[in-house]
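Protein chains in written order, with our numbering: chain A, 4 to 263; chain B, 2 to 398. For each residue, glycine too, the CB sits at the ideal point set by N, CA and C. These numbers were taken from a predicted model, which means no experiment stands behind them. One structure below.
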Amino acid sequence: MTELFAAQGITKRFGGLTALHDVTFGVDTGIASIIGPNGAGKTTLFNVFTGLYAADDGQVTFKGQPLVGLRPDEITALGICRTFQNIRLFANMTAAENVLVGMHSRVRLGVMDVLARSARFRDVEGSLWRRGGELLDRVGLRPKANEVARNLPYGDQRRLELARALAADPALLLLDEPTAGMTQGEAVTLMALLRQLVADLGIAIILIEHNMRVVMEVSDRVAVLDHGEKIAEGAPREVQANPRVVEAYLGRRAATRAGS
Amino acid sequence: MIHSAAAVTFVALSGAGVALFPRSILVFLVFQSSLVFVYLARIPSWLRFGLLAAALGVMMPAIGTYNGYYLEVATQVGIFVALALGLNIVVGLAGLLDLGYVAFFAVGAYSWAIFGSPHGNILFDTTIFPLPSWWFYPFLVIGLLVAAATGVVLGLPVLRLRGDYLAIVTLGFGEVIRVLANNLDKPINVTNGPKGITPIARPPLPPEVSHAVGFYFLVLLIVLVVILVNRRLEDSHIGRAWEAIREDQLAAQAMGVPLVRAKLLAFACGASFAGVMGVVFASKQVFINPESFTFLESIGVLAMVILGGMGSIPGAIIGATVVTVLNLQVLKGLSLWLNELKNAGVTVLGYNLANLPTQLEPAKYERMIFGIILVLMMIFRPQGIFPARRRQRELGK
Chain A
4 MTELFAAQGI TKRFGGLTAL HDVTFGVDTG IASIIGPNGA GKTTLFNVFT GLYAADDGQV
64 TFKGQPLVGL RPDEITALGI CRTFQNIRLF ANMTAAENVL VGMHSRVRLG VMDVLARSAR
124 FRDVEGSLWR RGGELLDRVG LRPKANEVAR NLPYGDQRRL ELARALAADP ALLLLDEPTA
184 GMTQGEAVTL MALLRQLVAD LGIAIILIEH NMRVVMEVSD RVAVLDHGEK IAEGAPREVQ
244 ANPRVVEAYL GRRAATRAGS
Chain B
2 MIHSAAAVTF VALSGAGVAL FPRSILVFLV FQSSLVFVYL ARIPSWLRFG LLAAALGVMM
62 PAIGTYNGYY LEVATQVGIF VALALGLNIV VGLAGLLDLG YVAFFAVGAY SWAIFGSPHG
122 NILFDTTIFP LPSWWFYPFL VIGLLVAAAT GVVLGLPVLR LRGDYLAIVT LGFGEVIRVL
182 ANNLDKPINV TNGPKGITPI ARPPLPPEVS HAVGFYFLVL LIVLVVILVN RRLEDSHIGR
242 AWEAIREDQL AAQAMGVPLV RAKLLAFACG ASFAGVMGVV FASKQVFINP ESFTFLESIG
302 VLAMVILGGM GSIPGAIIGA TVVTVLNLQV LKGLSLWLNE LKNAGVTVLG YNLANLPTQL
362 EPAKYERMIF GIILVLMMIF RPQGIFPARR RQRELGK
């Protein structure tokens with residue numbers, strides 16, 4: 004059976020720097036994590052997946068369909084949506100409006116519907132706001148629906164970005180360091196929410212994370228990137244014990260000590 | 002209750018005042034501010050609309066019979082309101098800084114000027130022009146479509162540009178259109194160059210309606226339609242997509258907003274309003290030449306949008322009104338008044354104004370005062386007169 008999402012031999016160069024070299028990665032169900040030291044190429048990989056960067060080499064397929072050459076909005080329409088490492092909300096729009104923008108690719112209305120305020124328009128618009136309410140409910144932000152995004156506390160902004168990404172009805176969610184800047188307690192709550200999403204909506208999630216405790220607890224599978232190459236992949240426990248991983252994070256001496 | 006009574010009295014008294022003192026600019030300004038008061042006062046919305054309808058639909062044309070110039074001012078205000086609302090879509094909502102907006106106004110104006118005047122005969126070597134004057138009305142739509150198409154043509158090459166770069170390219174585009182209009186009198190005489198085109202046909206009206214009143218109501222009608230269209234676009238997935246692009250283009254695209262389509266739509270919508278008003282303008286003025294479409298006009302409309310409050314419909318309306326009235330009436334009135342003082346030889350602080358050197362003539366202050374007002378506004382109220390407010394919505398259960 005074909006995987007939901009598969010990336011084959013992804014290579015991406017920026018001038019002389021090879022940011023990604025022959026990375027192969029896939030996910031079918033559940034939560035897969037990508038970890039690695041700073042500058043390992045994790046976010047670059049996400050940017051290739053979502054069409055922000057064109058890969059120099061390699062294939063990406065989603066539900067068996069090749070994604071190479073598609074624009075980011077087309078990829079989102081197919082069912083892959085993401086969040087950003089440094090939160091990129093629409094700062095001067097309300098929380099609810101942020102979520103509604105996320106639904107853009109699902110709105111089937113023409114300009115004429117909008118100008119004529121047709122019955123169809125009122126129907127669709129009404130259901131958009133209803134769904135927006137449900138999504139905000141899911142992340143616990145409904146009471147703040149009418150607040151401008153820039154005024155929300157940091158943790159709320161992270162969760163709003165998650166709701167906005169869910170709004171596109173994705174089958175695959177890419178989360179770039181969703182717990183960055185959160186306390187351990189907040190991070191654990193968020194991970195419980197992610198588990199809930201996987202269970203309720205049947206979506207797959209790819210996670211970039213630095214918080215190891217969180218990663219090891221929540222992931223079904225972990226891949227490790229270092230200097231643009233995948234150096235390990237497997238169940239969290241295996242990866243943790245892998246000497247190359249320890250070396251990448253702590254240096255060779257530490258790896259040797261751990262091994263002996 | 003008190004507010005309602007105050008609003009009604011304010012409008013009625015100031016309206017009567019204008020009828021009594023048809024020459025006093027001050028009284029006319031009071032009448033205008035009564036309309037702003039009606040808009041802001043806490044009164045039932047039926048009363049608000051009723052008062053505004055009465056003031057704009059009945060009192061204003063009546064005032065025009067006392068002082069025709071006021072009706073002309075009101076018509077010009079209407080034209081600039083439509084322009085500001087169009088530019089507000091591009092700059093205020095979609096965040097695409099357009100410094101050549103008046104080009105679309107020119108495109109609309111020339112499209113009727115060429116076909117609605119004998120000039121068309123020179124261009125097409127026939128004798129059928131000017132077209133019968135009723136063609137003016139279909140040309141409102143044609144002008145709209147031509148301008149919208151021009152908007153798309155401008156939009157296509159600049160889609161990849163942002164911010165400063167976009168501003169420079171649109172500035173260049175505006176100049177290109179003006180220079181084209183200035184020079185396309187040879188080899189084929191399309192625009193008649195700097196000499197301009199005249200006489201441009203006026204629309205047929207019922208015999209008892211004067212052209213001034215006719216144009217006033219036409220402009221009022223178009224402005225109402227433009228406001229309606231603006232509100233509907235803004236409060237839809239299209240408007241939200243535009244704002245998302247303004248806030249963060251990359252995130253908007255990652256959330257599924259097709260950038261190319263959304264931006265082209267913004268350019269086309271903004272341009273179409275200017276195109277319609279261009280047709281009206283050409284016909285109202287009877288004569289147009291490239292001088293009416295300079296860079297300064299684009300900047301003027303942009304100043305209206307920024308002064309009023311970017312991305313806000315009431316803001317664009319008040320901005321256009323304030324700037325137009327300032328230019329046509331307040332600053333003119335001020336310099337006239339100063340001139341009178343000077344001619345009368347009034348002494349201020351021991352200095353006889355009659356000795357003022359010609360370099361310091363009051364008429365030369367007008368632009369300076371306008372500039373000072375803009376600077377002060379940007380320092381003390383950078384968000385504009387009526388800044389955009391977020392809509393508070395009930396989410397369905």
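Scanning its chain for C-beta atoms nearer than 6 Å, with the 5 sequence neighbours on each side dropped, one finds around I314 of chain B the residues N231, in chain order.
Chain A places no beta carbon closer than 8 Å to that of V91 of chain B, leaving this residue out of the contacts. As computed with DSSP, E236 of chain A is found in a beta bridge with A:A226. The continuous stretches of alpha helix (DSSP H) do not include G61 of chain A, which lies in the beta strand (DSSP E) extending over residues D60 to F65. Listed in chain order, the non-local C-beta contacts of V220 of chain B below 7 Å within the same chain comprise T76, G79, I80 and V281, local neighbours out to five positions each way being set aside. Within chain B, no residue has its beta carbon less than 8 Å from that of V201 of chain A; the closest one is some 21 Å off.
Distance from the CA atom of L132 of chain B to the CA atom of F116 of chain B, rounded to whole angstroms, is 6 Å. Approximately 6 Å separates the beta-carbon atoms of F93 of chain A and V104 of chain A; this is inside 8 Å, confirming the contact. Using a 10 angstroms sphere on the CB of I209 of chain A, the tally of other CB atoms reaches 16 or more, which defines it as buried. Close to I289 of chain B, with beta-carbon spacing below 8 Å, lies no residue of chain A; the smallest spacing is near 30 Å. Here H213 of chain A carries a coil assignment [DSSP, helix/strand/coil].
Taking the Cβ atoms as the reference, V26 of chain A lies roughly 12 Å from A9 of chain A, outside the contact range of under 8 Å.
Between L7 of chain A and V30 of chain A, the gap from beta carbon to beta carbon is short of 8 Å. Here DSSP, grouped into helix, strand and coil, assigns G117 of chain B to coil. A Cβ-Cβ contact shorter than 8 Å links A99 of chain A with N149 of chain A. Counting C-beta pairs with one atom in each stretch, the region 54-61 of chain B and the region 336-351 of chain B have fewer than three that are closer than 8 Å, which means they do not touch. The CB of P75 of chain A comes closer than 7 Å to the CB of Q254 and A255 in chain B, given here in chain order. A Cβ of chain A is located within less than 8 Å of the beta carbon of P259 of chain B. For L396 of chain B, the chain A residues whose Cβ falls inside 8 Å of its Cβ are A99, W132, R133, G135, G136, L139, R145 and A148, in order along the chain. In the pairwise beta carbon analysis, the region 266-277 of chain B is classified as touching the region 83-96 of chain B: at least three pairs are separated by under 8 Å. About 5 Å separates the beta carbon of T171 of chain B from that of L100 of chain B, a gap short enough to meet the 8 Å contact definition. Contact holds between the region 68-87 of chain A and the region 169-176 of chain A, because three or more Cβ pairs, one in each stretch, are under 8 Å apart.
Under DSSP, L178 of chain A shares a beta bridge with A:L210. Sorting A:G188, A:T186, A:E189 and A:R162 by C-alpha distance to the C-alpha of L178 of chain A places A:R162 at the top. For D236 of chain B, the three-state secondary structure derived from DSSP is coil. Under a criterion of Cβ atoms nearer than 7 Å, the residues of chain A adjacent to Q393 of chain B are, in order, N149. Of the residues assessed, A245 of chain B falls on the buried side of the cut-off, its CB having 16 or more other CB atoms within 10 angstroms.
DSSP, read as helix, strand or coil, puts G69 of chain B in helix.
E128 of chain A has its alpha-carbon roughly 8 Å from the corresponding atom of H238 of chain B. No residue range can be given for D186 of chain B, since it is assigned to no alpha helix (DSSP H) and is classified by DSSP as neither H nor E. Taking a beta-carbon distance threshold of 8 Å, N89 of chain A does not count as an interface residue toward chain B. Counting only Cβ-Cβ distances below 9 Å, H213 of chain A has no contacts in chain B at all, with the closest Cβ about 22 Å away. Residues of the region 2-23 of chain B with a C-beta atom less than 7 Å from some C-beta of chain A do not occur. Under the 8 Å criterion on CB atoms, I239 of chain B is classed as interfacial with respect to chain A.
Of all residues in the region 201-234 of chain B, only L229, V230, R233 and L234 place a beta-carbon less than 9 Å from a beta-carbon of chain A. In the three-state scheme derived from DSSP, where H, G and I count as helix and E and B as strand, V191 of chain B is classed as coil.
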